[in-house]
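S.K.:
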Amino acid sequence: MNVHKLELTVRAELVPVPESSHIMYIKQIWDTAGQERFQSLGVAFYRGADCCVLVYDVNVTKSFDNLNNWREEFLIQASPADPENFPFVVLGNKIDVDGGNSRVVSDKKAKAWCSSKGNIPYFETSAKEGFNVEAAFNA
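In the UniProt record's numbering, the protein residues as written are 1 to 139.
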């Protein structure tokens, strides 16, 4: 996965994962880049998912505010057997921008939201610099 290639697109990427506990598995990642125009494709993207990674921009309040909408939309479209316990991970991205001076969503606020949704794991990342991305996807 090339974290330095920045483009807005919808795509799937199959990422082989090294053996862990003697089990080989593949992560299939669908990136909709948060674009509203792709919401109608939800069923095709979300059905059968084993996890959902929600990403927001720590420098844009609206991006954070949309987390709940994206989470609910995912649960509606994916229709998991146990929606209350479906595994999510939240990434606060773009922590590298402007040395952190542009940040509008605090770590504390994001963690509180995650806690209120059943203790969703939370990671702060920089996709551009590759910071904490691998750790988040290995959670």
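Virtual Cβ for every residue (Gly too), placed ideally from N, Cα, C.
Under 8 Å: do the region 109 to 124 and the region 72 to 89 share three or more Cβ pairs, one atom per stretch?
M.R.: Touching, yes, given that three or more Cβ pairs across the two stretches are closer than 8 Å.
S.K.: Would you tell me roughly how many angstroms separate the C-alpha atoms of E72 and A110, rounded to the nearest one?
M.R.: Approximately 17 Å, taken between the alpha carbons.
S.K.: Could you please give me the residues that DSSP links to L91 through a beta bridge?
M.R.: V55 and F123.
S.K.: So what's F64 in DSSP terms, helix, strand or just coil?
M.R.: Three-state result, F64: helix.
S.K.: Go ahead and pull the three-state DSSP assignment for D31.
M.R.: Looking at D31 - three-state DSSP - the assignment turns out to be strand.
S.K.: What's the C-alpha gap between N59 and I95?
M.R.: One C-alpha to the other measures close to 8 Å.
S.K.: May I have the straight-line CA-CA distance separating F64 from T125, to the nearest angstrom?
M.R.: F64 and T125: Cα-Cα distance of roughly 14 Å.
S.K.: Restricting to Cα atoms, I'd like to know which of V105, E129, C114 and A139 is closest to T61.
M.R.: For the residues V105, E129, C114 and A139, the minimum Cα distance to T61 belongs to V105.
S.K.: Got a sec, what are the start and stop residues for the alpha helix (DSSP H) K109 sits in?
M.R.: Here the alpha helix (DSSP H) through K109 covers D107 to S116.
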